[in-house]
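Peer 1: For the sequence shown, the numbering used here gives the first residue as 1, with consecutive numbering after it.
Every residue, glycine too, gets a C-beta built ideally from N, C-alpha and C.
Small disclaimer: the values here were computed from a predicted structure and weren't measured.
My structure is below; once you've seen it, I'll send some questions.
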Amino acid sequence: MFLHIPGVSRRLRLPSRPAWTALVTRTGTAVLPLGLDSLSQSVDASQLDTYLDTASQSDRLLYGMARTR
Numbered sequence: 001m002f003l004h005i006p007g008v009s010r011r012l013r014l015p016s017r018p019a020w021t022a023l024v025t026r027t028g029t030a031v032l033p034l035g036l037d038s039l040s041q042s043v044d045a046s047q048l049d050t051y052l053d054t055a056s057q058s059d060r061l062l063y064g065m066a067r068t069r
């Protein structure tokens, strides 16, 4: 799965699992939140909720869309 940003010549490879790729293929699009601050891969659901709330309130959370062609 690659992320293409309009106006940028390179695509960003996204780590993905086959089930997620299949879902995007089946539905056509997916919304991707992009947090601008680091986040450990081992956080639990509560820590993720806190991160998303904090990042959103401080304008450190961006959104994009992935879609299939």
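1. Locate the beta strand (DSSP E) running through residue 29, then write down its first and last residues.
2. Work out the CA separation of residue 23 and residue 1 for me, nearest whole Å.
3. Rounded to the nearest angstrom, what separates residue 50 and residue 6 at their Cα positions?
4. Which residues does DSSP pair with residue 66 in a beta bridge?
5. Tell me which residues share the same chain as residue 62 and place their Cβ nearer than 6 Å to its Cβ, disregarding the 5 neighbours each side in the sequence.
6. Just reading off the alpha helix (DSSP H) that residue 48 is part of, what are its end residues?
Peer 2: Quick answer:
1. For the purposes of this step, residue 29 is taken as residue 29 along the sequence shown, with counting starting at 1. Looking at the DSSP string, the run of the beta strand (DSSP E) that includes residue 29 is 29-35.
2. If you number the sequence shown from 1, residue 1 lands on position 1. If you number the sequence shown from 1, residue 23 lands on position 23. Cα to Cα, the separation comes out at about 12 Å.
3. One-based indexing of the sequence shown puts residue 50 at position 50. One-based indexing of the sequence shown puts residue 6 at position 6. In a straight line, the C-alpha of residue 50 is about 30 Å away from that of residue 6.
4. What you label residue 66 is simply residue 66 of the sequence shown in a count that begins at 1. Looking at the DSSP assignment, residue 66 forms a beta bridge with 30.
5. On the sequence shown, residue 62 is found 62 positions in, with the first residue counted as 1. So the qualifying residues of the chain are 34.
6. As a first step, residue 48 is located in the sequence shown; it is residue number 48 there, counting from the start. Segment 45-57, the alpha helix (DSSP H) holding residue 48.
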